[in-house]
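Accompanying notes for the structure given below.
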Amino acid sequence: MATAFERAEGANGRAVARVLLDSALPQLDHLFDYSVPAELADEVRVGQRVRVPFRSKDRKSFGYIIEFVSRSDFGGELAPIADIVAAVPQLTPDVWRLARAVADRAGGSAGDILRLAIPARQVRVEKKHLAAEAEAEAEAETEAAAEAEAETEAAAETEAAAEVEAAAEAEAAADPGATVEADGAARSADPREQTSPATAAASASTSEEAIAAELVTGARLAMTPSHGPERLHTGEWVGGWAAQLARIAISVHERERSVILVAPDYRDLDQLRDALAALGHPAAVRVDSRQSNGERYASFLRALDGVPRIILGNRSAVYAPAHDLGAILLWDDGDPVLAEPLTPYVHARDSALVRAEQSGAGLFFSAHARSAEVQRLVEIGYVRAQEHPPRRTRIVHADASIAPEAFAGRVPEFAARTIREGLRTGPVLVQVATPGYAPVAVCGECGELARCQACAGPIGFRVVGRASCRWCGEYATHWHCSTCDSTTLVERGMGSARTVEQFEQQFSGTRVILSDGEHPRERVDARPALVVATRGAEPLAAGGYRAVVLLDAERLLSIETLRAGEDCLRWWENAAALAAPDGICLMASGGGPVVQSFVYGRSDEWLRQELRDRQSLRYPPAVRVASVSGGPDEVERALRHLDGLRGVDFLGPTSIPAGGAARTPPGLVRAIVRFDYGQGAEVASRLRGALVADAAGASSRTRSRTPGRARPEALRLRFDDRGVFDA
DNA sequence: AGCACGCCGACT
DNA sequence: GTCGGCGTGCTC
């Protein structure tokens, strides 16, 4: 097997290297030409990290070699590459092409994407990896030689093997940490090891093999996995979705193709890891934010080997240097954690779409609740949705307002009966809206959510008995309801900690387990217990929950975001999926179209209607959006760049309130640009042009006013931010 | 970001 | 004539 260095393209006599510099400056986001000095001519490779002179002769900047050309279009004299930082070419042509396209689409710099794609180099880790690679190669050669000369002296073989072993031992003695690392890398570097007998035996069901077969031809599919957990042959329990994705991933991998498997958080990743391991795939490469930098770089180097791999990770795994990518599998793409919080804020779903398109790899969206974005892709025929609905937990609805019953404690009596019934044989899950004790205020007369008079934020009871705004802190001393004019505030719903206390009274003698964002619990056993969890933090129960009770529906739905309905469906479906096959899911309150669609399993119809509504209102994802913010002059200049474009309109500019969590300085404005998908490239490139012009013209203006500090009125772009319409 | 270049007003 | 202010634009 050739090393990454050997596979990467060299200069081959071409005198000019084109380099992408590390820089946050938008005006530097293009390739710069450098000459290749004679002493480096044999060493340089496409994708290598290099140091080059920049700005002045003795100032150096870092960058990546993107390509070699025979001559430059640059008018001036080329400076020579100063050093090669690492011989290993870290940037593969695939990943470069992806970073460029993704950045262009989002009005950002390719360098910003590369920061997500390539972990910081660690020399120690790299040395270990290269040593292991060399050792594996030597071993392979030894074996090959031994096979070829099987007829001749048998003793020679033994001797050669002993030599290799002795060398390995000497090395391990020199660096104790190397043994584990080298062993792991060497094993997984050998493709024959990847298809272990266990893999074949426990391999995919025929439908999953059929999915894999389609994916490697570039199919794009959206599927809803069956509800319920699945027992692995190791005895461990994982969500059925995780077992299914693992089988598909393995089946793609058996076709000698790489797979990228992306999940929102580490709890999901752990389930996928367990499922892969149980199916004979412990060697999957994992990249996630919980790893140390060394671990991330080690994983990165393994992905870089010229061998098909299963790469498992969170959102940045979509940028992994996969060899011969066969499919990208995305779990629960509606989870907001898949949206990258760093500029240019690209959602993993979008990067995956671009990557699949560029590479011809398959794309697989799996989720218990489909996102509006995937729904759109299905409706335009870009993604094919599964036809047959899978097995779903039995769901019943007990709306307290339809059949009012006395609240004995935290839950209506009907729900309490369901809980007691379930507790006789196993664990019961209760999903609540918020952690801690924080209840929210509603009007005592009409039940409408109370809003702050100052900023329209929700009113809570952070200080016991004193209602104040959750956003601005203003006390609600002179509050009156905007709907019915009443002045009485009452608490509605309550957090998980408070619920636990109440349950301990209401169901005395029962084990009560709390799992919330701060103290998440991954798993609970099959013994009876009342598990109280905030949405998204529900533990997996061995064998599944006897009952899943969903509280606080009206409170979750009263979250005023564009995607409240979608989010609720996702939270509820994911919780319902944790029930045992013969368990039950109880929607304990609430009403209206979202609750109805969930209870009757018609969320696809609701989603279709939702998307139609957004189409007529020009809301995402029916159209794309970009927010343009900065000083009033800067924003106005930027919007002028969009003059004359069809299918583009904008809201605002409106002033951004100063202060807040982001400590926004006063005087800034924001406009929201809406545009059809077909105009995306043009809008992005024009707004990017405005950004470059602003940054270029700015340096002088800045210096004269506030030297050194970042210019607050600088133009800022953010594409496809679903939060822009939320309060 | 920093640094060079250049165009216009004040100087030996 | 020439020095140097700072606004403008480039950085291979």
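With the first sequence counted from 1, adding 87 to any position gets you the working numbering. Backbone N, C-alpha and C define an ideal beta-carbon position, used for all residues, glycine too. The structure presented is a predicted model; accordingly, all values stated were derived computationally and were not measured.
- Non-local beta-carbon contacts of Tyr469 in its own chain, meaning distances under 7 Å to residues more than five positions away in sequence, involve Arg307 in chain order.
- Annotation: the continuous beta strand (DSSP E) that includes Gln518 extends over Pro514 to Val519.
- Taking the CA atoms as reference points, Thr321 sits about 16 Å from Ala628.
- Per the C-alpha coordinates, the member of Arg457, Phe149, Glu591 and Ile546 positioned closest to Gly198 is Phe149.
- For Leu107, the uninterrupted beta strand (DSSP E) segment begins and ends at Val103 to Leu108.
- Spanning the alpha carbons of Ala435 and Ser595 requires a straight line of approximately 45 Å.
- Its chain contains Arg724, Ala725, His728 and Leu802 as the residues whose beta carbon lies nearer than 7 Å to that of Ala777, once the 5 sequence neighbours on both sides are disregarded; these appear in chain order.
- Contact between Val325 and Ala350 is absent: CB atoms are separated by about 12 Å, not below the 8 Å threshold.
- In this structure, Ala439 is the residue among Thr480, Ala439, Ala448 and Pro477 with its C-alpha nearest to the C-alpha of Val461.
- The Cβ atoms of Ser159 and Val103 sit closer than 7 Å to each other.
- Contact fails between the region 161–171 and the region 385–405, because fewer than three Cβ pairs, one in each stretch, are under 8 Å apart.
- Within the same chain, Cβ atoms closer than 6 Å to the Cβ of Val433 are found at Val189, Ala193 and Glu427, the five residues on either side in sequence being excluded.
- Taking a C-beta distance under 7 Å as the contact criterion, Arg132 and Ala95 qualify as a contact pair.
- 7 Å or more divides the Cβ of Val374 from the Cβ of Gly413.
- Scanning its chain for C-beta atoms nearer than 8 Å, with the 5 sequence neighbours on each side dropped, one finds around Asp612 the residues Pro514, Ala628 and Ala629, in chain order.
- Cβ-Cβ distances below 8 Å link Leu644 to Ala651, Gly652, Cys655, Gly677, Gly679, Val681 and Val682 in the same chain, with the five nearest sequence neighbours on each side left out; the list follows chain order.
- Apart from the 5 residues on each side of it in sequence, Gln702 sits with its Cβ closer than 6 Å to the Cβ of Ala709 in its chain, given in chain order.
- At the C-beta level, Leu673 and Val722 stay beyond 7 Å of one another.
- Distance from the CA of Ile205 to the CA of Gln766, rounded to the nearest whole angstrom, comes to 30 Å.
- Looking at the backbone, the Cα of Ala780 and that of His117 are separated by about 15 Å.
- Put simply, the backbone Cα of Ile171 is about 40 Å away from that of Ile335.
- Excluding its 5 nearest sequence neighbours in each direction, Ile200 has C-beta neighbours in its own chain below 6 Å: Ala186, Val189 and Ala190, listed in chain order.
- Scanning the region 592–629 from its first residue to its last, the whole beta strand (DSSP E) runs of 3-plus residues come out as 599–602 and 616–621.
- About 6 Å separates the CB atoms of Ala404 and Ile347; that is less than 8 Å, so the two are in contact.
- Between Ser453 and Pro626, the C-beta gap is not smaller than 7 Å, which leaves the two residues out of contact.
- 7 Å or more divides the Cβ of Arg761 from the Cβ of Asp730.
- Judged by DSSP secondary structure, Asp361 falls outside any beta strand (DSSP E) and instead within the alpha helix (DSSP H) spanning Tyr353 to Ala365.
- Ser714 is bridged by DSSP to Ile759 and Arg805.
- By the C-beta density criterion, Cys556 is buried, having at least 16 other C-beta atoms within 10 angstroms.
- Per the DSSP secondary-structure output, Gly447 pairs with nothing in a beta bridge.
- Residue state for Ala634 is assigned as strand, using DSSP reduced to three classes.
- Under the three-state reduction of DSSP output, Glu723 falls in the helix class.
- If you look at Pro680, you'll find it in the alpha helix (DSSP H) that goes Pro680 to Val686.
- In the structure shown, Pro423 falls within a helical segment according to DSSP collapsed to helix, strand and coil.
- Going by beta carbons, Ala783 and Gln209 fall outside the 7 Å limit.
- Here Trp566 carries a coil assignment [DSSP, helix/strand/coil].
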